[in-house]
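Numbering (our numbering), first residue to last: 3 to 420.
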């Protein structure tokens, strides 16, 4: 892989496009060098329980240990200064569980996704494709992400919520993340937030996201931008295609008993950046017929021998089928619209997809139904066949983009056809 190819691969990563990773690899490489140095200086480091469990798993599972080492070795050929041993990887993971993302005014130096930074090169190689789909390894990473999420839920994580130049409440961050649109208590030292995650999934001012007054409108469940629209979605399809990213209802809806309702329907997928509002709302009024969270993959991406813009961020179609996600089916109170399925998808760092509704609940269009805690995210709306017309601009079917038309929660994205 040439340096040009590697740079292109990095530019296509979800975290980079979403604003969570540095704009170029220099900051990533410097971060790797520093953690390698610290790990080598502390060979007997004590790990938190979740990292200790991964260390124990690798010690007793020779197959997995070899797979991790092969991936590290292959990644080192891309970046000789990167993580070079299992101890260095474990040390880095342990370090991450006790830090909150720090704001930086310079986009070239922003490193808000430390785990994606750690795995940047491991995710870029063929052996990494296999490793991050390995269930025991993935489950161990989920355990570590939960530990990190617990820290980000704690008051201890508020140390980054201040008004200094590198604080999330400072003048630069307030401008970058449009904090004037959100509920912030500026008289409080931490903006009124009890944790970093409370800041991340902060509430928006209602007047900034008015509900579409058109009763025939299906409204967006989230803020973001259009990533993909796919028509005539099938129960089974090839989800590993890069140029034409498809959806398999059997995979994406993972056991929903009435999948046939959505066969032949269409999917509207959107991309959330780090600056977006990370709570999601009901696109239609109706009854919650089905609601559950599916724990699944987190760092798996499409792989191609050729470096292509369709990897990384543009793996979102694939990730909607295999990643941790929620499934919420709402039976619309409008028979013409039918059922609408809301699928919030966690990507990379995110391990917490929180539902605020249960089966049998009656919801109103625009009502909050859940939120993402810290990390990357995407959203799919799945519609029944010939029930709605997508009214937001979109590109060619199956070609995923991270710079599509902007959408806003509670604003129209589709309308009934009848």
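Note that beta-carbon positions come from the ideal geometry of N, C-alpha and C, so glycine has one too.
Paired residues, beta bridge with residue 264 - DSSP: Here the question's residue 264 lines up with position 262 in the chain shown. According to DSSP, which records beta bridges pairwise, residue 264 is partnered with nothing at all.
Which two residues bound the contiguous beta strand (DSSP E) that contains residue 205? One-based indexing of the chain shown puts residue 205 at position 203. Here residue 205 belongs to no beta strand (DSSP E), and DSSP marks it neither H nor E.
Per the DSSP calculation, residue 332 is bridged to which residue(s)? Sequence index remark: in the chain shown, residue 332 carries index 330 (1-based). Looking at the DSSP output, residue 332 bridges to 290, 342.
What is the DSSP secondary structure of residue 250, counted as helix, strand or coil? Numbered from its first residue, the chain shown carries residue 250 at position 248. Correct three-state label for residue 250: strand.
Any chance you could list the alpha helix (DSSP H) runs of at least 4 consecutive residues sitting entirely within the segment 74-135, in chain order? 88-98, 116-120, 128-133
Residue of 146, 195, 204 minimising C-alpha distance to residue 159: Locating residue 159 in the chain shown gives position 157, where the first residue counts as 1. Answer by Cα proximity: 195.
Alpha carbon of residue 312 to alpha carbon of residue 190, nearest angstrom: Mapped onto the chain shown, residue 312 falls at position 310. Mapped onto the chain shown, residue 190 falls at position 188. The predicted model places residue 312 with a pLDDT of 39, which falls under 50 and marks its position as unreliable; any figure quoted below should be read in that light. Residue 312 and residue 190: Cα-Cα distance of roughly 43 Å.
Given a cut-off of 9 Å, decide if residue 71 and residue 37 are closer than it, judged by their beta-carbon atoms. If you number the chain shown from 1, residue 37 lands on position 35. If you number the chain shown from 1, residue 71 lands on position 69. Cβ atoms of residue 37 and residue 71: not closer than 9 Å.
From the DSSP output, in three-state form, read off residue 43 for me. Position 41 of the chain shown, counted from the first residue, corresponds to residue 43. Helix, per DSSP.
I'd like the span of the alpha helix (DSSP H) that includes residue 150, first residue to last. Counted from its first residue, the chain shown places residue 150 at position 148. Element bounds for residue 150: 137-154.
Return the bridge partner residues of residue 236 from the DSSP annotation. Your numbering for residue 236 matches position 234 in the chain shown. Beta-bridge pairing links residue 236 to 250.
According to the Cβ coordinates, are residue 397 and residue 228 closer than 9 Å? Within the chain shown, numbered from 1, the residue matching residue 397 stands at position 395. Within the chain shown, numbered from 1, the residue matching residue 228 stands at position 226. Closer than 9 Å, so yes.
Taking buried to mean at least 16 other C-beta atoms within 10 Å of its own C-beta, is residue 187 buried or exposed? Sequence index remark: in the chain shown, residue 187 carries index 185 (1-based). It is exposed - the Cβ of residue 187 has fewer than 16 other Cβ atoms within 10 Å.
Does DSSP classify residue 51 as helix, strand or coil? Here the question's residue 51 lines up with position 49 in the chain shown. Residue 51: helix per DSSP, three-state reduction.
For residue 166, does the count of other Cβ atoms within 10 angstroms reach 16, so buried, or fall short, so exposed? Taking the chain shown and counting its residues from 1, one reaches residue 166 at position 164. Per the 10 Å Cβ criterion, exposed.
Among 33, 373, 95, 108, nearest to residue 279 - alpha-carbon criterion: As a first step, residue 279 must be located in the chain shown, where it is residue number 277. The candidate whose alpha carbon is nearest that of residue 279 is 373.
Using alpha carbons as the reference points, say which of 176, 199, 381 lies closest to residue 101. As a first step, residue 101 is located in the chain shown; it is residue number 99 there, counting from the start. It is 199.
How would you call residue 150, buried or exposed, if buried means at least 16 neighbouring beta carbons within 10 angstroms? In the chain shown, the residue the question calls residue 150 occupies position 148. Flag for residue 150 reads buried.
Report yes if the CB atom of residue 322 is closer than 9 Å to the CB atom of residue 380, and no otherwise. By one-based count along the chain shown, residue 322 stands at place 320. By one-based count along the chain shown, residue 380 stands at place 378. Cβ atoms of residue 322 and residue 380: closer than 9 Å.
Please state whether DSSP places residue 281 in a helix, a strand or coil. Here the question's residue 281 lines up with position 279 in the chain shown. Residue 281 falls in the strand class under three-state DSSP.
Excluding the five sequence neighbours on either side, which residues of its own chain have a C-beta within less than 7 Å of the C-beta of residue 60, listed in chain order? Within the chain shown, the letter at position 58 stands for residue 60. Counting only Cβ-Cβ distances below 7 Å, and skipping sequence neighbours, we find 66, 67, 70, 88.
Considering residue 372, what are the terminal residues of the beta strand (DSSP E) in which it resides? The sequence position of residue 372 within the chain shown is 370, counting from 1. Residues 370-374.
Close beta carbons around residue 252, own chain, < 8 Å, minus the five adjacent residues each side: Start at 1 with the first residue of the chain shown, and residue 252 comes out as number 250. Contacts found: 237, 238, 261.
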